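All remarks here apply to the structure that follows.
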Amino acid sequence: MASVAAAPAVQYTAAENDTQLIIARLMEGGQEDEETCQDLDRLTKYLSEDKASQSNKDYQSLTRVVDIECVDTLLGYLDMRQPDTVRGHATLTMSAYFQAAGEQGAENLKTFFFGRVNRGTYDDYIVAFCVAGAAFPVVPDVTAELFLKEGFLSSLGPLIRRKWKSRKVETACLEMLNAACMNSVCRDAVQKYCVEWLDEIVDQDPEGSLKPKATEPQFDQQEGSISMRRHSQQVQKLAAVILAKLQAIAIPPSNDPNQRVTTATISIEDLSTMFTGMLVDDDRDKSHGQAVEGLAYASLRPQVKETLSRDSKFLQNIIKELENAPPRSPLTYGALSILANLTRYRPILSDEEQKMNQLKAYANAAGKLAAPNPLDDDSHVEERCKRVFEAGVVPVLVTHSKNGSPASLLLVANIMNSLASDKASRGKLAQQGAIRLLLGIWATLPKTQEVGRYVAAHALARILISTNPSMVFGGNSNISQHMAIPPLVTLMTPDESSGRKNLLPTFEGLMALTNLASMNNMDTHKALIQSSWDKIEDLMLANNPLICKATVELVCNLVQSPEGIALYADGSPQAKNRLHIMLALADAEDEGIRSAAGGALASLSNFDGVIDGILSREKGLRTIIGMCDEENEDLRHRAAVILYNMLAADSDAGKRARKRVQESSGVQVLMACAKTSRRPEVIEVIVSALKILLENKET
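Numbering of the sequence shown is given in the working numbering, commencing with residue 3 and proceeding in unit increments.
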């Protein structure tokens, strides 16, 4: 009789064997929480390594040993009835599994979810909803597909409206809906199918719950927690958070006249009032987190912003909430989001962009022109910023940002940038540690976080414009002014994050650098020139007159140092070209640019290389003499100083200057300039220059 060959035994790797042992222990249960977390962490490690190894085409994934029963076990640890620590570790394991398992993992999730939902017991609903809520941030596309399956959302209403309430089923369901609202398509579906009964939950009759409809299907009521005929406060609060998310984000208008859009009867303002009341609730762990999450969305609405900012008790509560929140927590991010919403200014739009927005609003409103809400105009935002600042937010931001996440630090930078818009607050901001805070944010954020670093630099610039650098960086301060240079230099490149150039940060950055350079610290001047001179030269030729003027004013301070002087006075072709540009700017159409260039030339005209450079240009001396006829006395003063420096030079360059000025009717020009001047310091310089010319004429 012929023997039958035995099938070869499946060979498993050590990692696969260990994975099966871990899952077996998790299936068996009965371990201490710490042991369960250790097993989950070890499984996460194997799955993460498995994903990394899959780039090798010959590699066989260990997920082959994780069948649907194993998946059922792992996902069961996401049950809300598990300890929070276990759920946290299980979430990481789930994420690693779905990344490693790919399409098969997605299919297993679908099988698990609909298998549980179709069974229809309370325990199955709880686990299914908990898993879906946890899976949304991890595999949003797959979870959204489950969520949007025909008939699923419409089945939730009868489940929630039944006579006897299961707090855990309702809580798990609403946490799933809350997570689903991060997806725009799912959010629209929740608006369509769920908003009516969500509204009923929040607005339930204090004496009892809603009567179930006659057509309501019967659910297995043998398992789960069935203790009330009313929705619990926890469920009410969760429903309120979901309604806030639905109402805070406007639904785009539909062109379908037959499409019915269900809206909540509870207004966003009423929800906001509910959330502010929850902030004084003693149940800090749950109630406060939900209140902050709801307000983070509700405060997107202008009316809510205005109401919250006028509520001094609320501002104290939310700042206290932030102060007590753990770093890098959802509570921290939510509190910062509220403060960022209250203080956010509208983006500055060009005339063309404003017209385009009006056309879009007209089209979206089906012929009704939607005007911007006046509560979001600059004057209202400015007042809100003042109230937030006066509530004492800055010291809390300074303390809390030491261990902040990149996302939180971006919000802090935005808040500080808005607060720094008010010139009157800048000195106090500096006193309360804002400069150290912003320097820390700029240094902490990775270079890939360009927007956050740019906003922090802009806020820093605004404060440094209005404060005395010697008070900030001098004395007992352990902050070096050199630390401020790199972030401010980044502002020299205009912000194009919105798709267009925003020159305001560049302008204010230049003003801050000019103020910093006014300390006449030679090391600061040297560092600035070495790090940014190419950018400075480009900005001197900017089409925007304010940018050009601010840049030349910065140069005016930089040429007080040897490095700055050498750029114009060393006689090199580059120096001559720079001087030619400065002379052209001294003859610019804009008076501010002429004044700034005149100031720089007044500082440089002590040096022979500059004197010869002015004389060698056809229009050089003519430009300087022409400034003596300016109506603005400051410009005449600059011209007089330049001429005096050139005439007083005890060198061959000085001799040439005296001769050329006399030949150019310098005496008559200076005498006319003296007659139109009133300030003693201007007249004194003119007289000194005239004296040199007249003495030279006699000799």
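In this text, a Cβ means the ideal position worked out from N, Cα and C, and glycines have one as well. In this text, all values refer to a predicted model and were calculated from it rather than measured experimentally.
Starting from residue i, follow the alpha helix (DSSP H) in both directions and report where the run begins and ends.
i, result
"Pro547", "Pro547 to Leu560"
"Cys39", "Asp35 to Ser55"
"Gly279", "Ile270 to Met280"
"Asp20", "Ala16 to Glu30"
"Tyr326", "Correcting the residue type first, residue 326 is Asn in the shown sequence and not Tyr. Note, Asn326: alpha helix (DSSP H), Ser314 to Asn326."
"Leu2", "The structure shown does not extend to residue 2, since the chain is modelled only from 3 through 701, so no value can be given for it."
"Met184", "Careful: Met184 lies outside any alpha helix (DSSP H) and carries neither H nor E."
"Leu338", "Pro332 to Thr345"
"Leu617", "Asp610 to Ser618"
"Gly622", "Gly622 to Met629"
"Phe131", "Tyr124 to Ala137"
"Ala588", "Pro575 to Ala588"
"Gln235", "Gln235 to Ala250"
"Ile162", "Phe154 to Arg163"
"Gly435", "Element bounds for Gly435: n/a, residue is neither H nor E."
"Arg660", "Asp654 to Glu665"
"Lys528", "Met524 to Met542"
"Ala604", "Glu593 to Leu606"
"Gln670", "Gly668 to Thr678"
"Glu308", "Pro304 to Ser311"
"His639", "Glu635 to Ala650"
What number of angstroms, rounded off, separates the C-alpha of residue i from the C-alpha of residue j?
i, j, result
"Val294", "Leu176", "17 Å"
"Asn608", "Met648", "7 Å"
"Gln206", "His233", "8 Å"
"Ile613", "Leu606", "9 Å"
"Thr113", "Ser186", "25 Å"
"Leu64", "Pro376", "59 Å"
"Glu244", "Ile203", "The displayed chain sequence assigns Ile, not Glu, to residue 244. Going from the Cα of Ile244 to the Cα of Ile203 covers about 11 Å."
"Leu341", "Gly454", "16 Å"
"Leu248", "Ser339", "17 Å"
"Ala216", "Lys165", "The pLDDT assigned to Ala216 is 42, lower than 50, so where the model puts this residue is not dependable, and the model offers no usable value."
"Val73", "Arg44", "16 Å"
"Asn698", "Ala422", "55 Å"
"Ala519", "Leu439", "22 Å"
"Thr678", "Cys558", "26 Å"
"Glu147", "Asn470", "59 Å"
"Gly122", "Thr345", "47 Å"
"Phe149", "Cys188", "7 Å"
"Leu541", "Met473", "29 Å"
"Ser227", "Lys167", "In this predicted model, Ser227 has a pLDDT of only 45, less than 50, meaning its place in the structure is not dependable; the value taken from the coordinates is given anyway. Spanning the two alpha carbons is a distance of roughly 8 Å."
"Pro104", "Asp41", "For the record, residue 104 in the displayed sequence is Gly; it is not Pro. Cα to Cα, Gly104 sits roughly 22 Å from Asp41."
"Asp704", "Ser311", "Because residue 704 is not part of the residues shown, which for the chain are 3 to 701, the question remains open."
"Ile531", "Pro329", "39 Å"
"Glu565", "His527", "8 Å"
"Ala191", "Leu240", "18 Å"
"Leu111", "Glu71", "11 Å"
Excluding the 5 residues flanking residue i on each side, which residues of the same chain have their C-beta closer than 8 Å to its C-beta?
i, result
"Leu695", "Leu649, Arg660, Val663, Gln664, Gly668, Val669 and Leu672"
"Asp378", "Pro304, Lys307 and Arg348"
"Met83", "According to the sequence displayed, residue 83 carries Arg and not Met. Only Ile128 and Lys170 meet the Cβ criterion."
"Leu692", "Val669, Leu672, Met673 and Ala676"
"Arg428", "Ala422, Arg464, Ile465, Ile467, Ser468 and Thr469"
"Lys449", "Arg455"
Between which residues of its own chain and residue i is the CB-CB distance below 7 Å, once the five residues before and five after are set aside?
i, result
"Thr625", "Leu585, Ala588 and Asp589"
"Ala1", "Residue 1 lies beyond the range of the chain shown here (3 to 701); nothing can be said about it."
"Ala300", "Ala246, Ala250, Ile270, Leu273, Ser274, Phe277 and Val306"
"Asn326", "none"
"Leu302", "Ala250 and Asn343"
"Thr87", "Asp35 and Cys39"
"Val140", "Met96, Ser97 and Phe100"
Within 8 Å of any Cβ in chain C, is that where the Cβ of residue i sits?
i, result
"Ala137", "Of the protein chains in this structure there is only one, and it is not chain C."
So, at 6 Å on beta carbons, what are the nonlocal neighbours of residue i in its own chain, with the 5 sequence-adjacent residues on each side left out?
i, result
"Ala16", "none"
"Ser690", "Tyr646"
"Asp222", "Per-residue confidence for Asp222 stands at a pLDDT of 45, beneath the threshold of 50, marking its modelled position as unreliable; no derived number is given."
"Gln224", "Low per-residue confidence applies at Gln224: pLDDT is 41, beneath 50, and the placement is therefore not dependable enough to give any value."
Evaluate the contact criterion for the segment 51 to 66 versus the segment 75 to 92: three or more CB pairs, one atom per stretch, below 8 Å. Touching, no, given that fewer than three Cβ pairs across the two stretches are closer than 8 Å.
Inter-stretch contact (C-beta, 8 Å, three-pair minimum) for the segment 179 to 197 and the segment 124 to 138: Judged by Cβ distances under 8 Å, the segment 179 to 197 makes contact with the segment 124 to 138, as three or more pairs qualify.
For the segment 62 to 115, which segments carrying the alpha helix (DSSP H) assignment without a break, of at least 4 residues, lie completely within its bounds, in sequence order? Taking only runs of at least 4 residues, the alpha helix (DSSP H) segments lying wholly in the segment 62 to 115 are 70 to 78.
Where in the segment 447 to 522 do unbroken runs of the alpha helix (DSSP H), each at least 4 residues long, occur, reported from the N-terminal end onward? Fully enclosed alpha helix (DSSP H) runs of no fewer than 4 residues occupy 452 to 467, 471 to 475, 487 to 492 and 506 to 519 of the segment 447 to 522, in order along the chain.
Hey, is the segment 484 to 499 in contact with the segment 458 to 466, meaning 3+ C-beta pairs nearer than 8 Å? Three or more Cβ pairs closer than 8 Å define a contact, and the segment 484 to 499 meets that threshold against the segment 458 to 466.
Every unbroken beta strand (DSSP E) within the segment 369 to 427, with a cutoff of 3 residues, ordered by chain: Complete beta strand (DSSP E) runs here, min 3: none at all.
Would you be able to state if there are at least three C-beta pairs under 8 Å between the segment 502 to 511 and the segment 541 to 550? Using a Cβ-Cβ distance cut-off of 8 Å, the segment 541 to 550 and the segment 502 to 511 are in contact, since at least three pairs of beta carbons, one from each stretch, lie closer than that value.
Taking 8 Å as the threshold, find out whether the segment 311 to 325 comes into contact with the segment 388 to 395 through three or more Cβ pairs. Segments in contact, yes.
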